[in-house]
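Worksheet: the structure to be examined is printed underneath.
Number of protein chains: 2
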Amino acid sequence: MPATRHLPPPSATERTRHRRLREQGGTDRAEFDAILAAGFVCHMGVVVDGSVLVVPTVYGADERTLYLHGSVASRSLVAAPGTEVCVTVTHVDGLVLARSVFEHGVNYRSAMVFGVPRVVEDPDEKLTGLRLLTEQAAPGQWGYARLPNRRELAATALLALPLDEVSVKTSSGPPEDGDGPDAALDVWAGELLLRTVWGEPVADPALSPGTGVPRHIAARQGTALG
Amino acid sequence: MPATRHLPPPSATERTRHRRLREQGGTDRAEFDAILAAGFVCHMGVVVDGSVLVVPTVYGADERTLYLHGSVASRSLVAAPGTEVCVTVTHVDGLVLARSVFEHGVNYRSAMVFGVPRVVEDPDEKLTGLRLLTEQAAPGQWGYARLPNRRELAATALLALPLDEVSVKTSSGPPEDGDGPDAALDVWAGELLLRTVWGEPVADPALSPGTGVPRHIAARQGTALG
């Protein structure tokens with residue numbers, strides 16, 4: 003991993019911890035896995051004809067591989083195999099409100115994956131990848147909704163990215179100007195939390211009357227993502 | 003704007019509307035502005051030494067310019083002026099749960115900005131940009147917390163990106179398999195909403211006792227972002 007891919011050291015206002023995970027990563031790898039597990043939408047950066055494109059897409063993962071719904075990027079990646087991407091998953095946990103504007107910041111957890119994705123062609127692996135990303139977003143749906151048939155499987159673009167080069171960057175805790183001269187100011191300081199919460203299920207107007215919301219969907223209401 | 007930068011047409015599962023905004027954009031520009039106004043964290047994609055890097059950062063905007071906190075990217079952009087970036091702001095509104103896995107999707111609003119950012123050097127513009135991004139994240143803080151002094155202003159890296167080449171991609175509504183053969187399946191279908199909501203203010207443990215939470219912070223609790 004060239005040093006240039008490392009994120010820079012934390013700035014004064016960010017109070018970030020940044021660790022490059024080793025392939026034998028222990029706690030760090032666990033933190034990376036936890037950040038991935040807590041979300042289902044990532045931002046993938048890819049260079050298309052010389053221009054960077056950052057697109058949101060859904061993902062799933064097993065221990066070694068990140069699977070991405072690749073409708074946007076797969077064309078360019080098929081056209082230019084060997085193209086490197088960066089995939090970032092970010093959870094924003096709150097605002098850091100300090101005594102000074104300069105010390106303001108955001109508490110967050112961010113995971114990045116670098117690598118060269120391949121387009122998944124094998125039908126079995128495609129089914130596995132689709133299961134992982136469906137269950138990442140909506141646990142229980144793979145065993146509930148109708149599974150993809152051959153035609154649908156062929157029409158789905160899926161990318162696989164090895165989880166070899168990954169990094170984690172997080173920021174947490176109160177502002178850091180509580181022990182400096184600004185602490186004497188009559189200014190409230192702390193963190194304003196931000197939460198992402200599942201809301202109510204809204205039935206499709208075309209749904210047959212009497213079709214109840216299954217428990218695996220209904221039970222999510224009020225639970226937090228991230 | 004070369005055609006290659008356009009996002010592809012919507013796939014069967016995404017039911018996306020995608021429009022490239024013209025410089026004279028009317029409704030579309032309003033939709034772009036609304037997506038930007040509803041958030042405060044973006045993902046910026048930039049090529050650093052040949053590798054794509056996608057980093058979360060905070061932003062603010064006026065009618066013509068997007069300002070970005072640029073601690074990560076500014077070094078590479080200073081080193082290689084003229085480097086193009088893509089900045090994406092995404093709000094995830096819910097999961098689209100269809101009768102078939104194939105028709106599952108995500109309802110979201112996403113705004114993209116393409117362009118070559120410049121590093122803001124002028125102290126007045128820097129102050130303006132910082133005010134915009136502070137107020138984007140925490141309305142009311144610019145008039146409440148201590149403003150940046152000369153040293154702090156010099157230590158802050160800020161990027162300015164013209165809002166000339168922008169696009170919007172959104173998806174909303176119920177799944178689309180309610181009028182096909184799968185509608186006969188005994189499978190619930192609809193949307194599971196996702197909301198991002200401000201939580202409680204958590205005081206800095208170092209805060210002087212008796213410093214109350216100001217109204218502009220306290221009033222956000224329970225309100226939705228996005």
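Protein sequences, first through last, are from chains Y and E.
The opening residue of the first sequence carries number 3 in the numbering used here; numbering runs sequentially from there.
The opening residue of the second sequence carries number 3 in the numbering used here; numbering runs sequentially from there.
Beta carbons: idealized from backbone N, C-alpha and C, even for Gly.
Which runs of the alpha helix (DSSP H) fall wholly inside the region 29 to 82 of chain E and span at least 4 residues, in chain order?
Counting only unbroken stretches of 4 or more residues, the alpha helix (DSSP H) elements lying wholly within the region 29 to 82 of chain E are 29 to 39 and 75 to 81, in sequence order.
How big is the Cα-Cα spacing for P125(Y) and R148(Y)?
Straight-line spacing of the CA atoms in P125(Y) and R148(Y) works out to 17 Å.
Taking 9 Å as the threshold (beta carbon to beta carbon), is L196(Y) in contact with chain E?
For L196(Y), the answer is yes, since a Cβ of chain E falls inside 9 Å of its Cβ.
Cβ-based neighbour list, A100(E), same chain, cut-off 7 Å, excluding 5 preceding and 5 following
Sequence-distant Cβ neighbours of A100(E) in its own chain, meaning closer than 7 Å and more than five residues away, are H106, P177, D179 and A191.
Kindly indicate which three-state DSSP category T15(Y) falls into: helix, strand or coil?
Bear in mind that a pLDDT of 34 at T15(Y), under 50, signals an unreliable position, so the number given afterwards is only what the model happens to contain. T15(Y): coil per DSSP, three-state reduction.
Quick check: the Cα distance between V91(E) and P164(E), rounded to an integer number of angstroms?
If you draw a straight line from the Cα of V91(E) to the Cα of P164(E), it is about 15 Å long.
Can you pull the chain Y neighbours of Q138(E), defined as C-beta to C-beta under 7 Å?
For Q138(E), none of the residues of chain Y pass the 7 Å Cβ criterion, the least Cβ distance being about 11 Å.
Go through the region 102 to 169 of chain E residue by residue and report every complete run of the beta strand (DSSP E) that reaches 3 residues or more, in order.
Qualifying beta strand (DSSP E) stretches, in chain order: 107 to 117 and 160 to 164.
Using the Cα positions of A159(E) and T67(E), report the straight-line distance between them to the nearest angstrom.
Distance between the alpha carbons of A159(E) and T67(E): 16 Å.
Taking the beta carbon of H239(E) as the centre, do at least 16 other beta carbons fall within 10 Å, making it buried, or is it exposed?
Given that chain E is displayed from residue 3 to residue 228, the structure contains no residue 239(E) and the question cannot be resolved.
Please list, in chain order, the chain E residues whose beta carbon lies closer than 9 Å to that of L268(Y).
For residue 268(Y) there is no data in the structure shown, the boundaries of chain Y being 3 and 228.
Quick one: using the 10 Å Cβ neighbour count with 16 as the cut-off for buried, is N109(Y) buried or exposed?
By the 10 Å Cβ count, N109(Y) comes out buried.
Three CB pairs or more closer than 8 Å across the region 129 to 143 of chain E and the region 194 to 204 of chain E
Segments in contact, no.
Give the C-beta separation of P119(Y) and A162(Y) to the nearest angstrom, bearing in mind that I take them to be a contact with Cβ-Cβ under 8 Å.
At roughly 6 Å, the Cβ-Cβ gap stays under 8 Å, so P119(Y) and A162(Y) are in contact.
Can you name the residues that DSSP bridges to G201(E)?
In the DSSP output, where bridge partners are listed per residue, G201(E) has none listed.
List the residues of chain E that S90(Y) touches, going by C-beta distances under 8 Å, in chain order.
Looking at the sequence shown, residue 90(Y) is not Ser but Thr. Within 8 Å Cβ-Cβ: H45, V56, V57 and P58.
Give the interface partners of S169(Y) over in chain E, defined as CB-CB distance under 8 Å, in chain order.
Residues of chain E with a Cβ closer than 8 Å to the Cβ of S169(Y) do not exist; the shortest Cβ-Cβ separation is about 10 Å.
Tell me, to the nearest whole angstrom, how far the beta carbon of G62(E) is from that of G131(E); I am working on the premise that it is less than 8 Å.
Confirmed, Cβ separation roughly 7 Å.
Can you round the beta-carbon distance between C88(Y) and V56(E) to whole angstroms, since I take them to be within the 8 Å contact cut?
Confirmed, Cβ separation roughly 5 Å.
Cutting at 7 Å between CB atoms, please list the residues of its own chain near R197(E), excluding the five before and the five after it.
Cβ contact annotation for R197(E) (same chain, cutoff 7 Å, sequence separation greater than five): A226, in chain order.
Could you have a look at A191(Y) and say whether DSSP puts it in helix, strand or coil?
Correct three-state label for A191(Y): coil.
Within its chain, find whatever has a CB closer than 8 Å to the CB of P234(Y); leave out the 5 residues flanking it on each side and keep chain order.
This structure leaves residue 234(Y) out entirely; chain Y is present only between 3 and 228.
Round the Cβ separation of V103(Y) and E167(Y) to the nearest angstrom and send it over; I've been treating them as touching at under 8 Å.
The beta-carbon separation of V103(Y) and E167(Y), rounded to 36 Å, does not stay under the 8 Å limit for a contact.
For I219(Y), collect the residues of the same chain with a Cβ closer than 6 Å to its Cβ; drop the 5 residues on either side in sequence, then sort them by chain order.
The residues are P203.
Run the CB neighbour count on D95(Y), radius 10 Å, all protein chains shown included, and call it buried at 16 or more, exposed below.
The C-beta of D95(Y) has 16 or more other C-beta atoms within 10 Å across all chains shown, which makes the residue buried.
When DSSP builds the beta bridges, which residues end up paired with V215(E)?
According to DSSP, residue pairing for V215(E) in a beta bridge does not occur.
Can you look up H95(Y) in the DSSP assignment and give me helix, strand or coil?
It is worth fixing the name first, because residue 95(Y) is Asp in this sequence and not His. Of the three classes helix, strand and coil, the one that applies to D95(Y) here is strand, per DSSP.
Minimum Cβ-Cβ distance from G192(Y) to chain E less than 9 Å:
Closer than 9 Å to the CB of G192(Y) there is at least one CB belonging to chain E.
Of the choices L134(Y), G52(Y) and V48(Y), whose alpha-carbon is the least far from that of P58(Y)?
Comparing Cα positions, the closest option is V48(Y).
Give a yes or no on whether 9 Å exceeds the smallest Cβ distance from E202(Y) to chain E.
Taking 9 Å as the threshold, the shortest C-beta distance from E202(Y) to chain E falls below it.
At a Cβ cut of 7 Å, what residues of the region 212 to 227 of chain Y count as close to chain E, listed as they run along the chain?
For the region 212 to 227 of chain Y, the beta-carbon criterion of a distance under 7 Å to any beta-carbon of chain E is satisfied by T213, G214, V215, P216, I219, R222 and L227.
With a 10 Å radius around its C-beta and 16 neighbouring C-beta atoms as the bar for buried, classify R222(E) as buried or exposed.
Buried: at least 16 other Cβ atoms inside 10 Å.
Below 7 Å CB to CB, which residues in the same chain sit around L194(E) once its five sequence neighbours on both sides are set aside?
So the qualifying residues of the chain are G96, L97 and L99.
How many angstroms separate the CA atom of K171(E) from the CA atom of L187(Y)?
Between K171(E) and L187(Y), the alpha-carbon positions lie close to 44 Å from each other.
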